[in-house]
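Have a look at the structure below, then the notes.
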Amino acid sequence: MSNNHEIKQTVYISFNNDDPHVPSFISYLDAALYREGIDVVLDKTGHELEKDRFSDVKLFLVVFSNLYAFSVACLENLVRLLEFLQQKGHVIVPVFYDAKVKNPMEVLGDKFAVLEKSHSADQVTKWWRVLEETMKLQGHDQYSDEPRYANATS
1 MSNNHEIKQT
11 VYISFNNDDP
21 HVPSFISYLD
31 AALYREGIDV
41 VLDKTGHELE
51 KDRFSDVKLF
61 LVVFSNLYAF
71 SVACLENLVR
81 LLEFLQQKGH
91 VIVPVFYDAK
101 VKNPMEVLGD
111 KFAVLEKSHS
121 ADQVTKWWRV
131 LEETMKLQGH
141 DQYSDEPRYA
151 NATS
């Protein structure tokens with residue numbers, strides 16, 4: 001980082017690194033945010049949240065891609081993230097990437113049918129609830145002409 005580059009904010013980005021197109025999108029997003037003076041914390045693998053690491057993070061982006069719901073690590077991290085953020089009152093913005101869907105839950109329903117075969121009903125229900133709650137938040141669909149951003153300054 002150069003001396004004249006002042007970090008104004010930090011953004012946390014959660015995504016499924018196994019989805020082949022997502023890492024390049026995240027790389028461009030990371031570079032664009034850095035140019036604007038925004039530091040980025042990337043969660044590529046769904047590692048457990050280190051809550052003390054986020055004291056200066058106010059905005060959390062969750063990049064929902066076609067393979068997001070196939071990652072148990074991402075789903076578990078989303079549960080922890082939502083619990084943590086509800087306690088702190090931070091902002092979560094869902095980003096719908098490479099999933100041209102009017103109702104993302106329709107597509108995820110198929111993916112959850114696969115998860116139900118290998119996980120408990122309670123666990124799958126918890127993941128479904130957290131995904132529904134997160135997807136109801138204002139966010140951005142890459143195919144939309146009109147971005148719907150949450151107010152990150154409040």
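Using UniProt numbering, the letters of the sequence shown correspond one by one to residues 1 to 154.
Using N, Cα and C, we set each Cβ at its ideal position, and we do this for glycine too.
Cα-Cα separation between residue i and residue j, rounded to whole angstroms
i           : j      : result
Leu82       : Val95  : 15 Å
Leu85       : Val91  : 7 Å
Trp128      : Ser120 : 12 Å
Asp19       : Ile26  : 11 Å
Ala152      : Gly89  : Model confidence at Ala152 stands at a pLDDT of 38, short of 50, so the residue's coordinates are unreliable and nothing is read from them.
Ala31       : Val41  : 12 Å
residue 157 : Lys8   : The question about residue 157 has no answer here: the residues shown for the chain are numbered 1 through 154.
Lys126      : Ser118 : 15 Å
Met135      : Glu106 : 12 Å
Leu29       : Gln87  : 27 Å
Gln123      : Ser24  : 31 Å
Leu137      : Glu76  : 19 Å
Check whether residue i and residue j have beta carbons under 8 Å apart
i      : j     : result
Val93  : Ser65 : no
Leu61  : Val11 : yes
Leu108 : Ala69 : yes
Asp39  : Ile13 : no
Leu67  : Asn16 : yes
Val63  : Tyr34 : no
Coil, strand or helix - residue i by DSSP
i      : result
Lys136 : coil
Leu115 : helix
Ser120 : coil
Leu33  : helix
Leu67  : coil
Residue span of the beta strand (DSSP E) that contains residue i, given as start and end
i     : result
Lys8  : That residue, Lys8, is in no beta strand (DSSP E); it is neither H nor E in DSSP.
Leu42 : 38-43
Span of the alpha helix (DSSP H), counted from its first residue to its last, around residue i
i     : result
Asp19 : Taken as a continuous stretch (DSSP letters only), Asp19 belongs to no alpha helix (DSSP H), as it is neither H nor E.
Trp96 : The question names Trp, but residue 96 in the sequence shown is Phe. Counting along the chain, Phe96 falls outside any alpha helix (DSSP H), though it belongs to the beta strand (DSSP E) covering 91-96.
Phe84 : 72-88
For residue i, the residue or residues it bridges with in DSSP
i     : result
Asp56 : Answer is none; Asp56 lacks a bridge partner.
Val62 : Ser14, Pro94
Cutoff 8 Å: residue i Cβ touching any chain C Cβ
i      : result
Val114 : Included in the structure is just one protein chain, with no chain C present.
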